[in-house]
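Respectively, the protein sequence lines represent chains A and B. Residue 0 is where the first sequence starts when you use numbering that gives the first Met the number 0, and the numbers rise one by one after that. Residue 0 is where the second sequence starts when you use numbering that gives the first Met the number 0, and the numbers rise one by one after that. Written below as structure tokens is the structure these notes are about.
Number of protein chains: 2
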Amino acid sequence: MNTNKKVLIVGLGLIGGSYATRLTELGYEVGAIDLNPQSIEYALNKGIIAHGNSQVEKDYIAQFDLIVFALYPKTFIKWIEQYSRYFKKGAILTDVTGVKSTVVYKVQELLPKGVEFIGAHPMAGTENSGVSNSTSKIFNGANFIITPTERNQKETVEFCSQLAKEMGFGKISVISPKVHDEIIGFLSQLAHCIAISLMCCKQSEELSYYSGDSFRDLTRIAKINDKMWSELFLLNKTALVEQIDKFTKTLNQLREYIELGDEEGMREMMRTSTQNRIKFDKKD
Amino acid sequence: MNTNKKVLIVGLGLIGGSYATRLTELGYEVGAIDLNPQSIEYALNKGIIAHGNSQVEKDYIAQFDLIVFALYPKTFIKWIEQYSRYFKKGAILTDVTGVKSTVVYKVQELLPKGVEFIGAHPMAGTENSGVSNSTSKIFNGANFIITPTERNQKETVEFCSQLAKEMGFGKISVISPKVHDEIIGFLSQLAHCIAISLMCCKQSEELSYYSGDSFRDLTRIAKINDKMWSELFLLNKTALVEQIDKFTKTLNQLREYIELGDEEGMREMMRTSTQNRIKFDKKD
Chain A
0 MNTNKKVLIV GLGLIGGSYA TRLTELGYEV GAIDLNPQSI EYALNKGIIA
50 HGNSQVEKDY IAQFDLIVFA LYPKTFIKWI EQYSRYFKKG AILTDVTGVK
100 STVVYKVQEL LPKGVEFIGA HPMAGTENSG VSNSTSKIFN GANFIITPTE
150 RNQKETVEFC SQLAKEMGFG KISVISPKVH DEIIGFLSQL AHCIAISLMC
200 CKQSEELSYY SGDSFRDLTR IAKINDKMWS ELFLLNKTAL VEQIDKFTKT
250 LNQLREYIEL GDEEGMREMM RTSTQNRIKF DKKD
Chain B
0 MNTNKKVLIV GLGLIGGSYA TRLTELGYEV GAIDLNPQSI EYALNKGIIA
50 HGNSQVEKDY IAQFDLIVFA LYPKTFIKWI EQYSRYFKKG AILTDVTGVK
100 STVVYKVQEL LPKGVEFIGA HPMAGTENSG VSNSTSKIFN GANFIITPTE
150 RNQKETVEFC SQLAKEMGFG KISVISPKVH DEIIGFLSQL AHCIAISLMC
200 CKQSEELSYY SGDSFRDLTR IAKINDKMWS ELFLLNKTAL VEQIDKFTKT
250 LNQLREYIEL GDEEGMREMM RTSTQNRIKF DKKD
């Protein structure tokens, strides 16, 4: 791994804070930039960063060879637009952003020669936000996706993959930004749309008196950061709408079997879902 | 509570076995009937029943004042049709069936005078089935629903509620079979339909390499007992189809906001879902 073991985290939210925690545990010297001085102070007090800055200063940034961006997608792009000349030559930049096609190419275009950005997406999180909810546990055995373009060097992809492995991630995959967005439109964004819709389509004070764990599990992520997720949805609009339509079609097929009393049709779908679900159990 | 502390469980599956476990822990003398001798043997070996029978015998049944039916709905009705004359006069019968309108009235009609059936639905379970997966933990803090009709005595409703409390359930509610079926069509059956559809609408060997916990949580129940759930769906067809339609309409509203780029519309739904979801956190 990187020999100087110095990493800068830009954006100390839930994921940025969890990265800081894990990298500090691993012996890295972790610095952070967050415009909120309280987030920096919290992280310093908890010992999950060695030093931090609530302003964006060239001298501070220029000392890092590895920088992880954990910002909202639009903020991330604006940040690069504004400060791309601050990076050390040879620095490697990566991120944790949940959409890729609308981010990766733009960021790579904005960077000066000799500074390389490699897109990444750790498939880990919780329904809570903010640095005070950070925990490095969420990475253990979680999936990790790297989305290189033709501008990335093989060694950088390999470096990013090694870092993810060191951080405790389980399966590490390398796919294109486009494939990422289609898959994540289905696996993550559609899942959030379903949870939101479940919590909006029927309400009464007493509904919670009757629910079981299945409903609780399905709607855990309905507790959602509306600013971040609306941004993510809009930046992946085409893929997401397509996945919603695909899901609705399948749900309507099941609905038809129920209405027609087609027991065998229903059971066939249930056997398929049972079979397919087995692959998703987490191994950590 | 019932002074003789003797309970018969009919049907030693996941829920029947978990009832047996908890009631034995509480000091009841628990007997069981299951046509599969291996289930009886397993439960005897584990010490979760005091005695059992793999045949339906009048002499065995007639000694119990309290009987809990944990059978599939149709099997339950057939059982009552066949053996309703075996019950002791004064016996109280209850169940754990996930649908009520199509079961409760029929069973009450079939019973001789002096034998009272009170419908109940413990909102607890796991995605696994069978007595070997039983665990009494699932009841701790879980919701419990009692669905009396005009044929039930107040004291019996009270008795059923006391038993649930003793067993460790949290919120205990009393509602009509019709209201139960509408609510459970939404909270439980729709949730299962969504999970099944998610696992049927897109598949590739690699999809599991990219998923996060949200997708895992949403689809946990896609691992489903197709025989039991197809029966439950069909016995609650009208309410379930109505709930699916209500959900689809809300999801389509969200889809429209996404397609139109209506950020405020999306965020408003997300704020509502966040607010509503808070009530569902389990207190145990």
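Built from N, CA and C at the ideal position, the CB exists for glycine as well.
query                                                                                                                      : result
Boundaries (first-last residue) of the alpha helix (DSSP H) holding I174(A)                                                : Unbroken run through I174(A): none, as it is neither H nor E.
Residues of the region 253–269 of chain A whose Cβ lies closer than 7 Å to any Cβ of chain B, in chain order               : L253, R254, I257, E258, G260, E262, M265, R266, M268 and M269
T271(B) vs C199(A) beta-carbon contact at 7 Å                                                                              : yes
Integer Cβ distance of T249(A) from T134(A), believed to fall under 8 Å                                                    : Actually they do not touch by this definition, with Cβ atoms about 35 Å apart.
Alpha carbon of K87(A) to alpha carbon of I79(A), nearest angstrom                                                         : 14 Å
I117(A) to K45(A) span [Cα, whole Å]                                                                                       : 29 Å
Bounding residues of the beta strand (DSSP E) (the contiguous stretch that carries K278(A))                                : No beta strand (DSSP E) holds K278(A); DSSP gives it neither H nor E.
Partners in chain A for Y208(B), counting only beta-carbon separations shorter than 7 Å                                    : N142, K170 and S172
Where I182(A) meets chain B, residues with beta-carbon distance less than 8 Å                                              : L206 and Y209
Whole-angstrom C-beta distance between S100(B) and N224(B), which should lie under 8 Å                                     : With a Cβ gap of about 22 Å, N224(B) and S100(B) do not count as contacting.
Limits of the unbroken beta strand (DSSP E) element including I66(A)                                                       : L65 to F68
Within the region 108–187 of chain B, ranges of the beta strand (DSSP E) (whole runs, at least 3 residues)                 : 115–121, 143–146 and 171–173
Supposed contact pair Y18(A) and I8(A) - C-beta distance, whole angstroms, cut 8 Å                                         : 6 Å
Under the three-state DSSP convention, the category V29(B) falls into                                                      : strand
Per-residue contacts from S216(B) into chain A (C-beta, under 8 Å)                                                         : The sequence shown places Asp at residue 216(B), rather than the Ser named in the question. Simply D216, L217, R219 and I220.
Option in A238(A), K177(A) and K226(A) with minimal Cα separation from P290(A)                                             : The first residue shown for chain A is 0 and the last is 283, placing residue 290(A) beyond what the model contains.
Proximity of L65(B) and V6(B) at Cβ, strictly below 7 Å                                                                    : yes
Cutoff 7 Å: N44(A) Cβ touching any chain B Cβ                                                                              : no
Buried versus exposed call for Q363(A) [16 or more other C-beta atoms within 10 Å across all chains shown]                 : Within the shown structure, residues of chain A are numbered from 0 to 283, placing residue 363(A) beyond reach of any answer.
Assigned secondary structure, L250(A) (DSSP; H/G/I helix, E/B strand, else coil)                                           : helix
Residues of the region 228–246 of chain B whose Cβ lies closer than 7 Å to any Cβ of chain A, in chain order               : W228, S229, F232, L233, K236, L239, V240, I243, K245 and F246
L7(B), enclosing beta strand (DSSP E) - first and last residue                                                             : K5 to V9
Sequence-distant residues of the same chain with beta carbon closer than 6 Å to L234(B), five excluded per side            : P72, V98 and T101
Same chain, Cβ closer than 8 Å to G124(B), neighbours up to 5 away in sequence not counted                                 : L13, I14 and I137
Chain A contact for R276(B) (CB, 7 Å cutoff)                                                                               : yes
Contact under 7 Å by Cβ, A61(B) with L11(B)                                                                                : no
Where K201(B) meets chain A, residues with beta-carbon distance less than 7 Å                                              : F185 and K245
Three-way DSSP call (helix, strand, coil) for I243(A) in this model                                                        : helix
E108(A), buried or exposed, once every other Cβ within 10 Å from all chains shown has been counted against 16              : exposed
Stretch-stretch touch, CB-based, cutoff 8 Å, three pairs: the region 208–216 of chain A with the region 251–261 of chain B : no
Assigned exposure category for P147(B) - 16 Cβ within 10 Å defines buried                                                  : buried
In DSSP terms, what T93(B) is bridged to                                                                                   : V67(B) and I117(B)
Proximity of F246(B) and L189(B) at Cβ, strictly below 7 Å                                                                 : yes
Within-7 Å CB hit, D225(A) to chain B                                                                                      : yes
Cutoff 7 Å: M122(B) Cβ touching any chain A Cβ                                                                             : yes
7 Å Cβ shell around D283(B) - same chain, five flanking residues per side excluded                                         : For D283(B), the predicted model reports a pLDDT of 49, less than 50, meaning its position is unreliable; a value from the coordinates is still stated below. The answer, listed in chain order, is N139, G140 and G169.
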